[in-house]
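Residue numbers (the working numbering), protein chains in the order written: chain A, 6 to 252; chain B, 4 to 144. Ideal Cβ placement from N, Cα and C applies to all residues, glycine included.
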Amino acid sequence: VDLADELEELLDAMTEEDFDPELVDAYLDALEEKAPMPRQPDAKAAYAQLQKRLGAASAAVEGGRRRRFSWRGLGLAAALAGLLFALMVGVQAAGVDLFGSLARWTEEVFHFVPAAAQQQSIREALRSCGIPEELGPVWFPEGLEVEGIEVYDSEDLKRVSARYSDGDKRVRVEISQLNMPMDMEELGYQKDSNSVEKYSSHDRIFYLFSNLEETTAAWSDGNQLMIDISGTIPKSDIKKIIDSIGE
Amino acid sequence: MRRIKAVFLALALAVTGCFGTALANEDIMPLASPTLHSHLITLKPWTHKGEIKLGYAISPVDTADAVGISSVDFYRESGHWAGGALGTTANGLVGSGLSHVGDYYFTGTSGERYYAVVTIFATIDNVTDSKTFVTDTVTAP
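Have a look at this one:
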């Protein structure tokens, strides 16, 4: 009986639990003694042998598919699993939360991300800190994707800031809730000398003004709540964003 | 020839003067900001004796490499300097991202009235702009 066949049968028969490395080594030693590996393997001969084995294997498969445990298959599966895991780790590091963890890292820096920064949408973020979620807009110009949502929850101020971009144009939405209405007087926006325009939507009056290349639309309930939308998109798109804020 | 030179020199001086004036006007126009978007700065009496709280929320126009308070100085109502700090990430006055929100505490003398002079800034892609604001005057508890 060919030692190689015996070894193959042995490997097929063994499971993870009763795997005997010493027995496998003994077979390998016997094989080495019987047909020692050349110091410099003959590539052509090895390739011809491989082709022959592949042909035989192919014939065996065509002759009748036999479900057999294959160490080679297991190795391939393990390699694929490893590759997938490595990809998932890479994706996690890039910021997509696959493992439900709060960690992000690059080649040089590892850091934890505040849970709030992982909000999937501005309305979720608003809900998480107790600001009425209907104040979050739901329409954004085509191509603009959310790139970051930050939540601040201090004694005096709750705030959600979100950035949307398509790599060229950008929009920033900031929704704030003051604890003390009087603090509203202390809030200021940067603007240039261009005129201020009013825009009404869902009974809210937004004031639109410009700050150099940016257009800002700001609203307040005159008490505690404020919305400001700013960006490098056309004013008409900012108005559509305003229109998508809930009633 | 000497007259031509004089006329040319006069013209050159006039043109230089015009440019100089234009540049100077641009320098003193504090309108708008290339990096700062909004600010909320409050000064309030705090719970501990003599302590006052500076609350701040500073937003840049876009995700900032650094944003916050570069310096804060506390003055007595009389105008005498009482204390201050330069902003760092360690003391919490400087952060990064879409907004920077925080509180800074100053301990003065109970019963004294104070105001703060606060300089805010934001740096985006190596462009920095700053603005200075003066708070209301409050009485330390």
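Bounding residues of the beta strand (DSSP E) (the contiguous stretch that carries residue i)
| i | result |
| --- | --- |
| Lys134/B | Val130 to Val137 |
| Val75/B | Ala67 to Arg79 |
| Ile61/B | Glu54 to Pro63 |
| Leu39/B | Leu39 to Pro48 |
| Ser235/A | Leu230 to Gly236 |
| Asp106/B | His103 to Thr110 |
| Leu12/A | Looking at the DSSP string, Leu12/A is not in any beta strand (DSSP E); the run it does join, the alpha helix (DSSP H), is Leu8 to Ala18. |
| Ser113/B | Segment: none, Ser113/B is in no beta strand (DSSP E) and carries neither H nor E. |
| Ala93/B | Ala93/B -> no beta strand (DSSP E), and no H or E assigned at all. |
| Ala143/B | No beta strand (DSSP E) holds Ala143/B; DSSP gives it neither H nor E. |
| Leu89/B | Trp84 to Leu89 |
Straight-line Cα distance separating residue j from residue i
| i | j | result |
| --- | --- | --- |
| His40/B | Ala143/B | 31 Å |
| Ser166/A | Gln182/A | 12 Å |
| Met189/A | Tyr118/B | 18 Å |
| Thr140/B | Thr45/B | 10 Å |
| Ser133/A | Asp23/A | 53 Å |
| Ser62/B | Met231/A | 14 Å |
| Lys180/A | Ala60/B | It is Ile, not Lys, that sits at residue 180/A in the sequence shown. Those two C-alpha atoms are separated by around 12 Å. |
| Val130/B | Thr38/B | 7 Å |
| Ala35/B | Glu219/A | 10 Å |
| Asp25/A | Asp7/A | 20 Å |
| Leu57/B | Gly114/B | 17 Å |
| Leu101/B | Ala125/B | 10 Å |
| Gly105/B | Leu85/A | 47 Å |
| Glu80/B | Ile123/B | 22 Å |
| Leu162/A | Glu155/A | 13 Å |
| Gly87/B | Val137/B | 13 Å |
| Ser215/A | Ala82/A | 58 Å |
| Lys203/A | Lys52/B | 46 Å |
| Pro41/A | Asp34/A | 9 Å |
| Met185/A | Leu88/A | 54 Å |
| Ser126/A | Met19/A | 52 Å |
| Ala93/B | Asp128/B | 22 Å |
| Pro239/A | Pro48/B | 43 Å |
| Val146/B | Trp84/B | No information on residue 146/B is available, as it lies outside the stretch 4 to 144 that chain B covers here. |
| Val120/B | Lys134/B | 11 Å |
| Leu89/B | Glu54/B | 19 Å |
| Ala98/B | Tyr194/A | The displayed chain sequence assigns Gly, not Ala, to residue 98/B. So the alpha carbons of these two residues sit roughly 19 Å apart. |
| Gly172/A | Val178/A | 17 Å |
Residue i: first and last residue of the uninterrupted alpha helix (DSSP H) it sits in
| i | result |
| --- | --- |
| Ser133/A | Ile127 to Cys134 |
| Ala31/A | Pro26 to Lys39 |
| Arg246/A | It is Ile, not Arg, that sits at residue 246/A in the sequence shown. Its alpha helix (DSSP H) spans residues Lys240 to Asp248. |
Local Cβ density within 10 Å of residue i, reported as buried at 16 or more and exposed below that
| i | result |
| --- | --- |
| Lys5/A | Nothing about residue 5/A can be reported from this structure: the residues present for chain A run from 6 to 252 only. |
| Tyr52/A | exposed |
| Trp144/A | exposed |
| Gly145/B | No answer is possible for residue 145/B: it lies beyond the span of chain B, which begins at 4 and ends at 144. |
| Arg175/A | buried |
| Asp242/A | buried |
| Ala67/B | buried |
| Gly111/B | buried |
| His42/B | buried |
| Glu139/A | exposed |
| Ile247/A | buried |
| Glu150/A | exposed |
| Ser200/A | exposed |
| Leu131/A | buried |
CB contact below 8 Å: residue i versus chain E
| i | result |
| --- | --- |
| Gly193/A | Here chain E cannot be found, since the structure's protein chains are A and B. |
Got a sec: which bits of the region 52-78 of chain B sit with their beta carbon under 7 Å from any beta carbon on chain A, in order along the chain?
Gly58, Ala60, Ser62, Val64, Asp65 and Thr66
Could you name each continuous beta strand (DSSP E) segment of 3 residues or more that falls completely within the region 148-220 of chain A, going from the start of the chain to the end?
150-158, 162-170, 175-183, 192-194, 202-206 and 209-216
Anything in the region 145-172 of chain A with a Cβ closer than 7 Å to a Cβ of chain B? List those residues in chain order, please.
Gly153, Glu155, Tyr157, Ser159, Asp161, Leu162, Arg164, Ser166 and Arg168
Residues of the region 91-114 of chain B in Cβ contact with chain A at a cutoff of 8 Å, in chain order, please.
Gly100, Leu101, Ser102, Val104, Gly105 and Asp106
Closer than 9 Å between beta carbons: that is the criterion. Which residues of the region 221-235 of chain A meet it against chain B?
Thr221, Ala223, Asp233 and Ser235
Contact residues within the region 178-204 of chain A, judged by C-beta distance below 7 Å to chain B
Glu179, Asp188, Glu191, Leu192, Gly193, Tyr194, Gln195, Lys196, Asp197 and Ser198
At a CB distance below 8 Å, what residues from the region 33-45 of chain B approach chain A? Give them in sequence order.
Leu34, Ala35, Ser36, Pro37, Leu39, His40, Ser41, His42, Leu43, Ile44 and Thr45
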